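Chemist: In order, the protein sequences belong to chains A and B.
Under UniProt numbering, read the first sequence as residues 1 to 213, first letter to last.
Under UniProt numbering, read the second sequence as residues 1 to 213, first letter to last.
After the structure tokens below, expect a handful of questions from me.
Protein chains: 2
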Amino acid sequence: MQSSTPAGRAGRPRSAAADTAILAATRAALVDLGWSKLTLGDVATRAGVAKTTLYRRWAGKNELVVDAVAELFDELELPDRGSLPADIEGVVLQFAAILARPEARSGLMAVVAESTRDDALRERIRASIVERQKRLVLEGRERAQARGELPPEPDAAEAARTADLIFDMVAGAVVHRTLVSAQAATEEWVRSFTQVLLWGLASRPTESGGGWA
Amino acid sequence: MQSSTPAGRAGRPRSAAADTAILAATRAALVDLGWSKLTLGDVATRAGVAKTTLYRRWAGKNELVVDAVAELFDELELPDRGSLPADIEGVVLQFAAILARPEARSGLMAVVAESTRDDALRERIRASIVERQKRLVLEGRERAQARGELPPEPDAAEAARTADLIFDMVAGAVVHRTLVSAQAATEEWVRSFTQVLLWGLASRPTESGGGWA
DNA sequence: GTATTACGCTACGACTCGTAGCGAAAGCGT
DNA sequence: ACGCTTTCGCTACGAGTCGTAGCGTAATAC
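Structure, rendered in structure tokens:
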């Protein structure tokens, strides 16, 4: 016999308020201290919970920061600006605005760095951030196809490869511009970037050889 | 009266061998431990020097890792493959090969993350890695112009902006592909990426409005 | 009411940090 | 050859963080 509660075990349930408080405290600590000087003890104090509570829910600093940063990117949405170039510019500007926030800057790159030696962490990042935001590429393409700006995709595998390429180019360029080159992704820059991306994509063959434009 | 030695102060000179040993030991430690678990004491032991010697030469872990990683990218060179697309594909593949090495993966992203909160560190990265490798973009453009594949640049400022855009797109996309998406930059991927980049750039107006193609 | 789980708190050994102090070693200039 | 200057290796140190264990209490399901 199953219990009446869905997946509920017996006993005192975990406080959902504590979760949100901890994640918010983590972001605040990232702003004040950055990743390397962030300590779990400090986060616990800021959140008003015991350090042990933190260790009961997260395996370590990496996992905690991934979850704290992942929430930031959930506010991304694809604005309907009327045309594909305008849509892309809009979402890129949103992405740049998030990366301009210190809690995203220091946190995101740090966990990516750690993930190069931790497969489980990399998978956590992929699932909770990367794959989650790839929706924007897919939505954008669907909307452009509905507008007639893009042709339908004949080959599903090729379409997936193209989506991956776009995502790597967009996210990579914006991250590199803002974090490595340390220059703001201004509207002018975004416009130039979008133009290069779209014209370049227009040249892509559908596999056989010729472009579709 | 100046001393005869160029910039030499009196006293025992610093061992150049120690520098190379320390940087090599740092890369070895990055491979074995990654950035977060790398300790300066361990590096000193691996290099066969005292921990105090290390602190006399570098301010901290960040600066040390920047120097250790920067050396990796100095082996990049622009191969002459006969055409601009082929040249780009060649250098991108080299870049991807370096990023495939664990000492580059974990080290580079970690110091970039730290640099978001440390202006001096960011400047050190910019000078010793970013600006240093931007030469590849400039060389590639010059060579393509000599071949007649690209027109001469009328506006120097616009040319610099374009070079920055190219660098952000190339480095960003490769880094994102290999480190975040965690997929190898295969020849097929590099070919697709290069095609998009070049076709996109071909569309760029020289400022007035029309493309030059 | 009872079983079960989460929570807050304290304390702990192990480890790393960055620095200070010392004597010895290695060049530089005369 | 000789002193001057700087670096080097070594040891030791207080401060801080880590992750865990143990305990009594609080909150929920049955």
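Backbone N, C-alpha and C define an ideal beta-carbon position, used for all residues, glycine too.
Quick caveat, the model's predicted, so the values are computed rather than measured.
For the pair the segment 101-114 of chain B and the segment 164-173 of chain B, tell me if three or more CB-CB distances fall below 8 Å.
Modeler: no
Chemist: Along chain B, in chain order, which residues have C-beta atoms closer than 8 Å to that of proline 102 (chain A)?
Modeler: Reading the first sequence from its first residue, position 102 is the one you call residue 102 (chain A). Residues of chain B passing the Cβ test: Thr116 and Arg117.
Chemist: The alpha helix (DSSP H) that contains tryptophan 189 (chain A), what's its start and end?
Modeler: To locate residue 189 (chain A), count along the first sequence from 1; it is residue 189. Residues 187-202.
Chemist: Should glutamine 195 (chain B) be flagged as near chain A, meaning a C-beta pair shorter than 8 Å?
Modeler: On the second sequence, position 195 is the one that residue 195 (chain B) refers to. Answer yes: the Cβ-Cβ gap between glutamine 195 (chain B) and chain A drops below 8 Å somewhere.
Chemist: Classify aspartate 74 (chain A) as helix, strand or coil using the three-state DSSP reduction.
Modeler: Locating residue 74 (chain A) in the first sequence gives position 74, counting from the first residue. Coil, per DSSP.
Chemist: Please confirm whether leucine 41 (chain B) has its beta-carbon closer than 8 Å to some beta-carbon of chain A.
Modeler: For the purposes of this step, residue 41 (chain B) is identified with residue 41 of the second sequence, where counting begins at 1. Leucine is not the amino acid found at residue 41 (chain B); the sequence shown has glycine there. By this cut-off, glycine 41 (chain B) is not an interface position.
Chemist: With 7 Å as the C-beta to C-beta threshold (strictly closer), list the residues of the segment 43-57 of chain A near chain B in chain order.
Modeler: none
Chemist: Taking 8 Å as the threshold (beta carbon to beta carbon), is serine 15 (chain A) in contact with chain B?
Modeler: Mapped onto the first sequence, residue 15 (chain A) falls at position 15. Chain B contact via Cβ: absent.
Chemist: Go ahead and label arginine 9 (chain A) buried or exposed: buried means 16 or more other beta carbons lie within 10 angstroms of its beta carbon, across all protein chains shown.
Modeler: Translated into positions along the first sequence, residue 9 (chain A) becomes position 9. Exposed: under 16 other Cβ atoms inside 10 Å.
Chemist: Assess contact between the segment 149-164 of chain B and the segment 52-60 of chain B, defined as three or more Cβ pairs (one per stretch) separated by less than 8 Å. Is contact present?
Modeler: no
Chemist: Using Cβ-Cβ distances below 8 Å, what residues of the segment 173-186 of chain A are close to chain B?
Modeler: Listed in sequence order: Ala173, Val174, Val175, His176, Arg177, Leu179, Val180, Ser181, Ala182 and Gln183.
Chemist: Taking CB distances under 8 Å as the criterion, tell me whether aspartate 67 (chain B) reaches chain A.
Modeler: Translated into the one-based positions of the second sequence, residue 67 (chain B) becomes position 67. No, aspartate 67 (chain B) does not count as interfacial toward chain A.
Chemist: Give a yes or no on whether the minimum CB-CB distance between glycine 209 (chain B) and chain A is below 8 Å.
Modeler: The sequence position of residue 209 (chain B) within the second sequence is 209, counting from 1. With a pLDDT of 42 at glycine 209 (chain B), under the threshold of 50, the modelled position of that residue is not reliable, and no figure is offered here.
Chemist: Spatial neighbours of serine 3 (chain A) within its chain, please: C-beta separation below 7 Å, excluding the five flanking residues on both sides.
Modeler: Sequence index remark: in the first sequence, residue 3 (chain A) carries index 3 (1-based). For serine 3 (chain A), the predicted model reports a pLDDT of 39, less than 50, meaning its position is unreliable; a value from the coordinates is still stated below. Here the set comprises nothing.
Chemist: Would you call threonine 178 (chain B) buried or exposed, if buried means 16 or more other Cβ atoms sit within 10 Å of its Cβ?
Modeler: By one-based count along the second sequence, residue 178 (chain B) stands at place 178. Buried, by the Cβ-count rule.
Chemist: For alanine 113 (chain B), would you say it is in contact with chain A, using Cβ-to-Cβ distances shorter than 8 Å as the test?
Modeler: Position 113 of the second sequence holds residue 113 (chain B). Answer yes: the Cβ-Cβ gap between alanine 113 (chain B) and chain A drops below 8 Å somewhere.
Chemist: Please give me, in chain order, every unbroken run of the alpha helix (DSSP H) with length at least 4 that falls completely inside the segment 100-150 of chain A.
Modeler: Correct list: 102-115, 119-125 and 135-147.
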